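A.B. asks: Before I ask anything, let me first share the structure, which is written out below as structure tokens.
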């Protein structure tokens, strides 16, 4: 079953900022980054358990590493949807996005 996917507003900002960065560095790469994120989104929507459980959020948050880019999706699964909390660059401080959990 393909679950609906929703993004925290700051995760949307993560996506937009990173895509803009890649686009400036190399035209067309921002779009490739966005498509890579959408592919990862579809993967976790189809198979939410594919992500590795993290030590964040009492074991309810999973992470899924993007292909081709040094980024990780942090998300948690609800009965009817997936909630993406962050699209985090792998060099960022772990858990910087924890304030997004309510």
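In our numbering, the protein residues as written are 41 to 142. Using N, Cα and C, we set each Cβ at its ideal position, and we do this for glycine too. The model shown is predicted, which means the values in this text are computed figures rather than measured ones.
As a quick exercise: from 132, 65, 88, pick the residue whose alpha carbon is nearest that of residue 104.
C.D. replies: Of the listed residues, the one whose Cα sits closest to residue 104 is 88.
A.B. asks: Which partner residues does residue 129 have in the DSSP bridge list?
C.D. replies: Per DSSP, 111.
A.B. asks: For my contact list, residue 124 and residue 51 are in at a C-beta cut-off of 8 angstroms; report their separation, rounded to the angstrom.
C.D. replies: The Cβ separation is near 5 angstroms, so the contact holds.
A.B. asks: Report the residue from 109, 94, 57, 64 whose alpha carbon sits nearest the alpha carbon of residue 116.
C.D. replies: Minimum Cα distance to residue 116 is reached at 94.
A.B. asks: Between the Cα of residue 118 and those of 59, 67, 80, 85, spot the shortest distance and give me the residue it belongs to.
C.D. replies: Here the closest residue by C-alpha is 85.
A.B. asks: In this structure, how does DSSP classify residue 141 when only helix, strand and coil are distinguished?
C.D. replies: Three-state result, residue 141: coil.
A.B. asks: Should residue 58 and residue 127 be called a contact, given that it needs their Cβ atoms to be closer than 8 angstroms?
C.D. replies: Closer than 8 angstroms, so yes.
A.B. asks: Let's see if you can read the secondary structure: which residues bound the beta strand (DSSP E) around residue 103?
C.D. replies: From DSSP, the beta strand (DSSP E) with residue 103 extends over 101-105.
A.B. asks: Which class does residue 73 belong to by DSSP, given the choice of helix, strand or coil?
C.D. replies: Correct three-state label for residue 73: helix.
A.B. asks: Taking the beta carbon of residue 32 as the centre, do at least 16 other beta carbons fall within 10 Å, making it buried, or is it exposed?
C.D. replies: Residue 32 falls outside the range modelled here, since the chain spans only 41 to 142, and no answer is possible.
A.B. asks: So residue 62 is in the alpha helix (DSSP H); what residue range does that whole segment cover?
C.D. replies: Taken as a continuous stretch (DSSP letters only), the alpha helix (DSSP H) holding residue 62 covers 49-65.
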